[in-house]
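Position in the first sequence (from 1) plus 24 gives the number in this note's numbering. All C-beta atoms, glycine included, are put in the ideal place defined by N, C-alpha and C. Just below is one structure, and these are the notes that go with it.
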Amino acid sequence: MLKFDITHEYENGFARTGVIHTPHGDIKTPAFVGAATRATVKALTMQEMRDLGSQAILANTYHLLLAPGTDLIKEAGGLAEFSSWHGPTFTDSGGFQIFSLPDVKITMNGAKFKSHINGDKFEMTPESSMQAQWAIGADIHMAFDHLAKSENHKDMEIAMRRTHDWLDRCVIEHQRLSKTIAKNAKAEQYLYAVVQGGTFNDLRAESARYCASKEVDGFGIGGVFTADGMAEMLQTVHSILPKNKPRHLLGMGQEPIDLFVGAEFGCDTFDCVGPTRMARNGSLYTNDGRINIKNAKFTHDFSPVMPGCECECCKNYTRAYLHHLFKTDEITAKVLASIHNEHFVVNVVDNIRASLQNNTFDDYKNEFLNRYYNN
RNA sequence: GCUGGAAUCGUCUAGUGGCAAUGACAAGAGACUGUAAAUCUCUCGCCUUCGGGCUUCGUAGGUUCGAGUCCUACUUCCAGCA
25 MLKFDITHEY ENGFARTGVI HTPHGDIKTP AFVGAATRAT VKALTMQEMR DLGSQAILAN
85 TYHLLLAPGT DLIKEAGGLA EFSSWHGPTF TDSGGFQIFS LPDVKITMNG AKFKSHINGD
145 KFEMTPESSM QAQWAIGADI HMAFDHLAKS ENHKDMEIAM RRTHDWLDRC VIEHQRLSKT
205 IAKNAKAEQY LYAVVQGGTF NDLRAESARY CASKEVDGFG IGGVFTADGM AEMLQTVHSI
265 LPKNKPRHLL GMGQEPIDLF VGAEFGCDTF DCVGPTRMAR NGSLYTNDGR INIKNAKFTH
325 DFSPVMPGCE CECCKNYTRA YLHHLFKTDE ITAKVLASIH NEHFVVNVVD NIRASLQNNT
385 FDDYKNEFLN RYYNN
């Protein structure tokens, strides 16, 4: 069983700080986990990730299965060794791709879809996802889940039921692999169930009850796309899930409010592609909201992207320089911007953790969000 | 000097009688949430009450219902010959 110590519980009964003890190291929670879909955080080296304060990364089983193949990662000694991250790692199951790729067919066994790289037909099942994740060797695996294509109650219920069926199969396969593989390896690997149910609280409650009843090490909260209604949903779910297991909010964190609301209502870890994607497209976080560094008004702005920011980018370079790098399409533009944005969200969650420990969360939240969204 | 060729939005470019006129780049702005994302969208002659109005393809004339397109002259550039 994955060891998770809760170090402080916040007065609202949901938020907490803690430590997840993984075979590759500890994660102080709440924590922002870097999205390293193809075993790399785009535009950043693992050393840069360490330097900006990241504690863990999350890779995607679907992408690694297509390239370079999970056997190769196993041969390399696992995701941490292969990528030179050497810290705590997560893998997403590939379930999200069922939702996001076109031409996906749900079958008795799992899901068939076409490789976005070369169109090869490709099937993933709960069992094959577990096998792939064990081969990749991340510390924490996500159960193979299914998101509804539409937001109506019926489709959401069908997707949720399927996710539950698949969860049962994931748990069985995970336990089988744990007995056959882990006893020969130095490191155990852990499984999170994924709670679905969309925006419907009855479904979220049912899904949380189902997931809570299973032998899993933690929980992913899936199918969340906006902070609207998230607080209520998380209260519903986290009133049901056992408190002593960690919870990961899947895919959320592009907007700072996601991180505040997520942490406030009991999420321990987050991952999101937004910060690095927006960085590559020139949209940079500041305490006063996002700026588009490509805008002409930054041509002669010789101040840092965000005054006071401790990241490599802000300590050494100016907005005018970043503007120039973006306008001339230099690779370094994306590197520096990604360092800044990734540091920003990691740092916000670090500050949230500190404020929870100091019981100053409400003040920090109000001050941050007022400034960020009212400028 | 002679003989050919060429001049179109910031740049390159499409256009051989019929709707301010193609495409690319540049420029201006927007989007992005478990990454088919180094991506995508919009604007890009001037004005506009968004209906439309006005002025444009080197310059000046001409032919024509109608000219970026055909004719004449001029200007500039390119190539070849002197």
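Could you pull out every residue in the same chain whose Cβ sits closer than 6 Å to the Cβ of residue 225, ignoring the five residues on either side in sequence? Position 201 of the first sequence, counted from the first residue, corresponds to residue 225. Residues 260 of the same chain have their beta carbon placed closer than 6 Å to that of residue 225, with the five preceding and five following residues left out of the count.
Do residue 141 and residue 80 have their CB atoms nearer than 8 Å? The residue given as residue 141 occupies position 117 in the first sequence. The residue given as residue 80 occupies position 56 in the first sequence. Contact: no.
Nearest to residue 200 by CA position, among 239, 223, 182, is which residue? Within the first sequence, the letter at position 176 stands for residue 200. Ranking 239, 223, 182 by Cα distance to residue 200 puts 239 first.
Should the stretch 299-316 be regarded as contacting the stretch 350-368, the criterion being three or more beta carbon pairs within less than 8 Å? yes
In whole angstroms, what separates the C-alpha of residue 178 from that of residue 369? Locating residue 178 in the first sequence gives position 154, counting from the first residue. Locating residue 369 in the first sequence gives position 345, counting from the first residue. Approximately 35 Å between the Cα atoms of the pair.
Tell me which same chain residues have a C-beta within less than 7 Å of the C-beta of residue 8, skipping the five on either side of it? Absent from the model: residue 8. The displayed extent of the chain is 25 to 399, so no value can be given.
Can you check whether the CB of residue 36 is closer than 8 Å to the CB of residue 288? Counting from one through the first sequence, the residue named residue 288 turns up at place 264. Counting from one through the first sequence, the residue named residue 36 turns up at place 12. Result yes, Cβ atoms of residue 288 and residue 36 sit closer than 8 Å.
Can the beta-carbon of residue 292 be found closer than 8 Å to that of residue 85? In the first sequence, residue 292 corresponds to position 268, counting from 1. In the first sequence, residue 85 corresponds to position 61, counting from 1. Pairing residue 292 with residue 85 gives a Cβ-Cβ distance that is not under 8 Å.
Residue 386 lies in the alpha helix (DSSP H); which residues open and close that run? Your numbering for residue 386 matches position 362 in the first sequence. Note, residue 386: alpha helix (DSSP H), 385-397.
Mind listing, in chain order, the continuous alpha helix (DSSP H) runs of no fewer than 4 residues lying wholly within the stretch 128-183? 150-160
Can you tell me whether residue 132 is buried or exposed, with buried defined as 16 or more other CB within 10 angstroms of its CB? As a working mapping, residue 132 is identified with position 108 in the first sequence. Classification of residue 132: exposed, given that the 10 Å Cβ count is below 16.
Straight-line Cα distance separating residue 248 from residue 274: Translated into the one-based positions of the first sequence, residue 274 becomes position 250. Translated into the one-based positions of the first sequence, residue 248 becomes position 224. Cα-Cα distance, rounded: 7 Å.
Looking at the structure shown, is residue 33 part of a helix, part of a strand, or coil, going by DSSP? One-based indexing of the first sequence puts residue 33 at position 9. Residue 33 falls in the strand class under three-state DSSP.
So what's residue 363 in DSSP terms, helix, strand or just coil? As a position in the first sequence, residue 363 is number 339, starting the count at 1. Three-state DSSP puts residue 363 in a helix.
Is residue 45 helix, strand or coil when you go by DSSP? Taking the first residue of the first sequence as position 1, residue 45 is located at position 21. In this structure, residue 45 counts as strand in the three-state DSSP scheme.
Taking C-alpha atoms, which residue in 70, 282, 134, 109 lies nearest to residue 392? Locating residue 392 in the first sequence gives position 368, where the first residue counts as 1. When each option's Cα is compared against that of residue 392, the closest is 282.
Boundaries of the alpha helix (DSSP H) in which residue 285 is found, first to last residue: By 1-based counting over the first sequence, the position of residue 285 is 261. First-last of the alpha helix (DSSP H) with residue 285: 280-288.
Rounded to the nearest angstrom, what separates residue 334 and residue 137 at their Cα positions? Along the first sequence, one-based indexing puts residue 334 at 310. Along the first sequence, one-based indexing puts residue 137 at 113. Distance between the alpha carbons of residue 334 and residue 137 is about 43 Å.
Just curious, the beta strand (DSSP E) that residue 81 is in, first and last residue? Here residue 81 is taken as the residue at index 57 of the first sequence, counted from 1. Counting along the chain, the beta strand (DSSP E) containing residue 81 begins and ends at 81-84.
Please report the residue range of the alpha helix (DSSP H) in which residue 214 lies. What you label residue 214 is simply residue 190 of the first sequence in a count that begins at 1. It is not in any alpha helix (DSSP H) - residue 214 instead sits in the beta strand (DSSP E) that spans 214-219.
First and last residue of the uninterrupted alpha helix (DSSP H) at residue 260: For this step, residue 260 is matched to residue 236 along the first sequence. First-last of the alpha helix (DSSP H) with residue 260: 254-264.
So is residue 262 buried or exposed if we call it buried at 16+ other beta carbons inside 10 Å? Position 238 of the first sequence holds residue 262. With 16 or more Cβ atoms within 10 Å of its Cβ, residue 262 is classed as buried.
Enumerate in chain order the residues of its own chain whose CB-to-CB distance from residue 129 is below 6 Å, with the five nearest sequence positions on each side excluded. The count along the first sequence starts at 1 and reaches residue 129 at position 105. So the list reads 136, once near-sequence residues are dropped.
Give the single residue among 153, 148, 49, 168 whose Cα lies nearest to the Cα of residue 109. In the first sequence, counting from the first residue as 1, residue 109 sits at position 85. The shortest Cα separation from residue 109 among 153, 148, 49, 168 belongs to 49.
Are residue 104 and residue 94 touching if we call contact CB-CB under 8 Å? Residue numbering aside, residue 104 sits at position 80 when the first sequence is read from its first letter. Residue numbering aside, residue 94 sits at position 70 when the first sequence is read from its first letter. Taking 8 Å as the Cβ cut-off, residue 104 and residue 94 do not qualify as a contacting pair.
Residue 295: first and last residue of the uninterrupted beta strand (DSSP E) it sits in: Position 271 of the first sequence, counting from 1, holds the residue named residue 295. First-last of the beta strand (DSSP E) with residue 295: 293-296.
Anyone know if the C-beta pair for residue 215 and residue 188 falls short of 8 Å? Reading the first sequence from its first residue, position 191 is the one you call residue 215. Reading the first sequence from its first residue, position 164 is the one you call residue 188. Result no, Cβ atoms of residue 215 and residue 188 do not sit closer than 8 Å.
Assuming residue 244 is part of the beta strand (DSSP E), what are its boundary residues? Residue numbering aside, residue 244 sits at position 220 when the first sequence is read from its first letter. Here the beta strand (DSSP E) through residue 244 covers 242-245.
Between residue 75 and residue 354, is the Cβ-Cβ spacing less than 8 Å? By one-based count along the first sequence, residue 75 stands at place 51. By one-based count along the first sequence, residue 354 stands at place 330. Result no, Cβ atoms of residue 75 and residue 354 do not sit closer than 8 Å.
Quick one: what's got a C-beta closer than 6 Å to residue 376's C-beta in the same chain, skipping five residues either side? Numbered from 1 along the first sequence, position 352 holds the residue referred to as residue 376. Correct list, in chain order: 54, 287.
Out of 47, 126, 152, 158, which has the shortest C-alpha to C-alpha gap to residue 143? Counted from its first residue, the first sequence places residue 143 at position 119. Comparing Cα-Cα distances from residue 143 to each of 47, 126, 152, 158, the minimum goes to 126.
State the beta-bridge partners of residue 196 as determined by DSSP. Along the first sequence, one-based indexing puts residue 196 at 172. For residue 196, DSSP records no beta bridge to any residue.
Skipping 5 residues on each side, what residues in its chain have a beta carbon closer than 7 Å to that of residue 374? For the purposes of this step, residue 374 is identified with residue 350 of the first sequence, where counting begins at 1. Cβ within range, chain order: 77.
Have a look at residue 69 and residue 383 and give me their C-alpha separation to the nearest angstrom. Within the first sequence, residue 69 is the residue found at index 45, counting from 1. Within the first sequence, residue 383 is the residue found at index 359, counting from 1. Spanning the two alpha carbons is a distance of roughly 35 Å.
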